[in-house]
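**Student:** Numbering (the UniProt record's numbering), first residue to last: 1 to 389.
Backbone N, C-alpha and C define an ideal beta-carbon position, used for all residues, glycine too.
Since the model is a prediction, treat every value here as computed from it, not as a measurement.
Before anything else, here's the structure in question.
Structural data, given as structure tokens:
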């Protein structure tokens, strides 16, 4: 059997050796971080070290890092109308989100439906700042306090959002700003202060950690969203439940390694992506490269083979040994076209045919070679079936 090629790192990435080592070491060290004995203190030390490493990845203060089980949970924790700043209640009346946010934001928030406003994007999937301005002005005139959530990079297309400019405009109107940086963290350099955001969600398994750990990072540790999970006082009372020390340890190790190599990896991976894109577009002009002309993550390509359902293409490639995705992995198996491409105004015939390729830290030139070999074997058959349909 030929070696398989994995190009679905936006769904999950391979565990880094450093993360695996940290995970196994934490599994061998019994201790609950809430306990005061030596084993408990050791577990707490492991988490504190990981907390500092995760914070350093995005230029934040470690006291603002709240560990969660995933990026989805971090989004849900952030997107609540009920906050406190110190001892002062801070209530939000409206949630603004872009139309291309991940389902964790669009469906995972804790606002009432009538409090949520979905903001339009342009044809390349970037937030329309004029739409943001209009919404902010309208809510400000009505005396409503606003929470804005805008992702750094889209999980399906890789398109980068104007987060810093959106945050500046939102803050001028007194809004709080959250960003979902799950796809961006560890893949491009990030700084919370440069982005100007108040809250940021990140996830371990996207950057080479183990599944089971994420984090909500607060620029101001005194800002406290209403807990999603109540009970004990873990994570300084911001998220109850015994922490997943092994996954957190692996998260810290992966974050440290990703941060140290983010620039070099970005250049290398961008080269892999460009080589694959150039070859596919040259050999198969029937393929449509979506949003190839806008700033995006260095690892992500979104193609469409019009007239061939995305699931058909994905299954055919999988059977030939290449793992890719139809839209978001969380929605794999769906029949409907991507909401992201729909919001961009992509024709339905193309949107229903779109599939995503995404490289990761472990990708190399051999992955491009094998992927091209698979496309050369599979696409002619799909094109013949399309012609005969």
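Can you list the beta strand (DSSP E) stretches of 3 or more residues lying completely in the stretch 198-244, in chain order?
**Tutor:** The qualifying runs are 199-203, 214-218, 223-225.
**Student:** Write down the C-beta distance between residue 95 and residue 147 rounded to the nearest angstrom, noting that I regard them as a contact closer than 8 Å.
**Tutor:** 5 Å
**Student:** Just mark residue 91 as buried or exposed, buried being the case when its beta carbon has 16 or more other beta carbons within 10 Å.
**Tutor:** exposed
**Student:** Rank 276, 278, 6, 13 by C-alpha distance to the C-alpha of residue 203 and give the top, closest one.
**Tutor:** 13
**Student:** Using DSSP with H/G/I as helix, E/B as strand and the rest coil, what is residue 312?
**Tutor:** helix
**Student:** Mapping DSSP to helix, strand and coil, what is residue 20?
**Tutor:** helix
**Student:** What is the DSSP secondary structure of residue 166, counted as helix, strand or coil?
**Tutor:** helix
**Student:** Between the Cα of residue 319 and those of 378, 175, 246, 29, spot the shortest distance and give me the residue it belongs to.
**Tutor:** 378 is the residue among 378, 175, 246, 29 whose C-alpha sits nearest the C-alpha of residue 319.
**Student:** Just the Cα atoms here: how many angstroms apart are residue 325 and residue 8?
**Tutor:** 6 Å
**Student:** Cβ atoms of residue 305 and residue 362: under 8 Å apart, would you say?
**Tutor:** Note that the C-beta distance between residue 362 and residue 305 is not below 8 Å.
**Student:** Let me make sure I understand the geometry here. Which of 30, 153, 376 has the alpha-carbon closest to that of residue 282?
**Tutor:** Of the listed residues, the one whose Cα sits closest to residue 282 is 376.
**Student:** Can you list, in chain order, the residues of its chain whose CB lies under 7 Å from that of residue 31, leaving out five sequence neighbours each side?
**Tutor:** 39, 40, 42, 43
**Student:** Keeping to the same chain, check which residues put their C-beta closer than 6 Å to that of residue 365; ignore five residues upstream and five downstream.
**Tutor:** none
**Student:** Would you say residue 163 faces chain C, with C-beta separation under 8 Å as the test?
**Tutor:** Among the chains of the structure shown, chain C does not appear; only one protein chain is present.
**Student:** Helix, strand or coil: how does DSSP classify residue 117 here?
**Tutor:** Residue 117: strand per DSSP, three-state reduction.
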